[in-house]
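These notes are about the structure you will find just below.
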Amino acid sequence: KVFQAVVSYIGGDGTIYIIPKSFETALKKLMAEIQNTFKGLGLLIPYCWKKGEACVVRGSDTVWYRAKIVEVNGSTLQVQYIDHGYIESIPQCHLYPTTFYTGIPPFCIPCQLYKTLPIGNFWQQDAVDYLQELLKNEEVEIHVEELPDNPWGKLSISLYFGGMSLSSFMAYQKYCVAEGCQDIKKLGVFEGDLSPSYLLQPLPLPGETFPVTVTHLVSPKEVYICLDSSGNLTKSSATEKAASHDSDSLNKALKWCNKIVKTLPHLTNFKKELPCLAEYVDGLWYRAKLLSITQLVPVQILVQFVDYGTYLVAPTSRLRHIPCHLLKYPVQAVRVLLAGFKPASDDKNVERIPYSPEWSLKALWTMVDCVEGKRLSASILTVSPEVTISLYGDDKNLVHLKLVEMGLAELDE
Numbered sequence: 198k199v200f201q202a203v204v205s206y207i208g209g210d211g212t213i214y215i216i217p218k219s220f221e222t223a224l225k226k227l228m229a230e231i232q233n234t235f236k237g238l239g240l241l242i243p244y245c246w247k248k249g250e251a252c253v254v255r256g257s258d259t260v261w262y263r264a265k266i267v268e269v270n271g272s273t274l275q276v277q278y279i280d281h282g283y284i285e286s287i288p289q290c291h292l293y294p295t296t297f298y299t300g301i302p303p304f305c306i307p308c309q310l311y312k313t314l315p316i317g318n319f320w321q322q323d324a325v326d327y328l329q330e331l332l333k334n335e336e337v338e339i340h341v342e343e344l345p346d347n348p349w350g351k352l353s354i355s356l357y358f359g360g361m362s363l364s365s366f367m368a369y370q371k372y373c374v375a376e377g378c379q380d381i382k383k384l385g386v387f388e389g390d391l392s393p394s395y396l397l398q399p400l401p402l403p404g405e406t407f408p409v410t411v412t413h414l415v416s417p418k419e420v421y422i423c424l425d426s427s428g429n430l431t432k433s434s435a436t437e438k439a440a441s442h443d444s445d446s447l448n449k450a451l452k453w454c455n456k457i458v459k460t461l462p463h464l465t466n467f468k469k470e471l472p473c474l475a476e477y478v479d480g481l482w483y484r485a486k487l488l489s490i491t492q493l494v495p496v497q498i499l500v501q502f503v504d505y506g507t508y509l510v511a512p513t514s515r516l517r518h519i520p521c522h523l524l525k526y527p528v529q530a531v532r533v534l535l536a537g538f539k540p541a542s543d544d545k546n547v548e549r550i551p552y553s554p555e556w557s558l559k560a561l562w563t564m565v566d567c568v569e570g571k572r573l574s575a576s577i578l579t580v581s582p583e584v585t586i587s588l589y590g591d592d593k594n595l596v597h598l599k600l601v602e603m604g605l606a607e608l609d610e
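Here my numbering is used: the first residue of the sequence shown is 198, the next is one more, and so on.
The following block contains the structure:
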């Protein structure tokens, strides 16, 4: 069985406590019921607590939770929150004994990684801390491998985060040994000798109108677009729905990659077009490809962010190997030429685009204003030799008409 779950806690022994997503509604309902039943303080009169006894606990957030007594130490009790897994030492005045709700099974499931042996036969503290930092409160994919012998035992699972196997990742970090390590190859960080490449985005058929956003402008005529089905899922075509699903999955996978990026090796191979992860000016890492070495001392490399079309010159410290599961998502940005207009022959503006001097800078900034942050639509005219489109604004008019009106461009039949 495969299902989505949220990791609620990592036990000191490496037990992974998970709450299946399908349980979330029922758990919220139960929690609301407990808050209505128990108000105020815990039990203030002396009481003889026993190990294993059911109770409710008032947490540090002043919310009541179901719990059980794990250990009795004088006036302090060690309790386990049975719906979240964590264990805490709490003064008796914050507890209340109750047999309410004991008929409802715990919502969190204790798990262990299948066929995964920690170094030294038990999970070291630094490994537990790392798991906690990586996984706590995150949504993951669970593959059930083996049921426990007794109902209170741990479920043996394979856990995947952002398309990556946790066992393989922890083995790569030298925290454990995982059987069936062919899975380690999925990390892809060992595959620098191969020449992987990105998949291209499938495009709608010529003549179809589809929603797009412009992610980067090279000149008023040459731009990068992304298929955008965010506000139009009911009417969108199969191509757009697939693109939307890919985009969501890619964003989740990239979020995870940003969490583990320090563990990925720096690039040592600087072949043209090589996929990699590159750090952008916002401090986040995105998919990119190498274009050229612009400087040798110190080494500076021109990269292009494939999901946006933007360029950056970066030092090697801001480039890392890309896990190969990130290559299965098609590039999100498509380079296109806009049809129907050309530079104005009598544009008197002196400031020109250095790499495209037929256009004035004013024409470029005017085009930026026409498309930036706008909901646009496009229709493909030709796909060869280059993808050429008609681009329409949110008023359904061709975006270049504003440039023609201002004398920065002229119509081109």
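Think of the CB as a built atom: it goes at the ideal place given N, C-alpha and C, for glycine as much as any other residue.
Quantities reported herein were computed from a predicted structural model and do not represent experimental measurements.
Count the C-beta pairs between the stretch 503 to 522 and the stretch 569 to 582 that are closer than 8 angstroms, then say yes if the count reaches three, no if not. no
Contact under 8 angstroms by Cβ, ASP544 with GLY480: 8 angstroms or more divides the Cβ of ASP544 from the Cβ of GLY480.
Own chain residues within Cβ distance below 6 angstroms of LEU292, not counting five before or after: GLY239, CYS252 and VAL254
Quick check on the DSSP output: the alpha helix (DSSP H) that includes ILE231 runs from which residue to which? Membership of ILE231 in the alpha helix (DSSP H) is indicated by the continuous run 221 to 234.
Going by alpha carbons, who is nearest to LEU509 out of PRO495, TRP482, TYR477 and SER444? TYR477
Measure the Cβ-Cβ separation of ILE306 and ILE215 and say whether it is below 8 angstroms. yes
Separation of HIS340 from LEU274, as counted between CA atoms: 35 angstroms
Would you check if the distance between the CB atom of VAL528 and the CB atom of GLN398 is smaller than 8 angstroms? yes
Count the other C-beta atoms from every protein chain shown that fall within 10 angstroms of the C-beta of ALA375, then say buried if there are 16 or more, exposed otherwise. buried
Of the choices LEU534, ARG263, TYR421 and ILE490, whose alpha-carbon is the least far from that of GLU583? LEU534
Buried versus exposed call for ILE207 [16 or more other C-beta atoms within 10 Å across all chains shown]: buried
Rounded to a whole number of angstroms, what is the C-alpha to C-alpha distance between GLU388 and GLU221? Note on GLU388: pLDDT 46, under 50, position unreliable in the model; no value is reported.
Assuming contact is defined by CB atoms lying nearer than 8 angstroms, are GLU342 and ILE354 in contact in what I supplied? yes
Secondary structure of ARG572, DSSP reduced to three states: It is coil, neither helix nor strand.
Might you give, ordered along the chain, the residues of its own chain that have their beta carbon closer than 6 angstroms to the beta carbon of ASP380, omitting 5 neighbours on each side? Low local confidence applies: a pLDDT of 48 at ASP380 is under 50, so the model's placement there is unreliable, with the coordinate-based value given in what follows. Within the same chain, ASP380 has close Cβ partners SER362 and SER365.
Cβ neighbour criterion (16 or more within 10 Å) applied to PRO401: Around the beta carbon of PRO401, a 10 Å sphere encloses 16 or more other beta carbons of the protein chains shown; the residue is thus reported as buried.
Using a 10 Å radius around the Cβ and a threshold of 16 neighbouring Cβ atoms, would you call LYS459 buried or exposed? exposed
Report buried or exposed for LEU430, applying the criterion of at least 16 other Cβ atoms within 10 angstroms of its Cβ. Unreliable positioning characterises LEU430 in this predicted model, as indicated by a pLDDT of 42, which lies under 50. The coordinate reading is nonetheless provided below. LEU430 comes out exposed.
Cα separation between PHE235 and ASP346? 36 angstroms
By Cβ distance below 8 angstroms, which residues in the same chain neighbour GLN309 in space, the five residues on each side in sequence not counted? Spatial neighbours of GLN309 in its own chain (CB-CB distance under 8 angstroms, excluding positions within 5 residues in sequence) are listed in chain order as GLY211, THR212, ILE213, LYS351, LEU352, SER353 and ILE354.
Taking the alpha helix (DSSP H) that PHE366 belongs to, which residues open and close that run? Its alpha helix (DSSP H) spans residues 363 to 369.
Less than 8 angstroms between CB atoms is the rule here; does CYS252 satisfy it with respect to chain D? Absence of chain D from the displayed structure is noted, only one protein chain being present.
To the nearest angstrom, how far is it from the Cα of ASN270 to the Cα of LYS247? 11 angstroms
What number of angstroms, rounded off, separates the C-alpha of PRO512 from the C-alpha of VAL494? Their backbone Cα atoms lie some 10 angstroms apart in a straight line.
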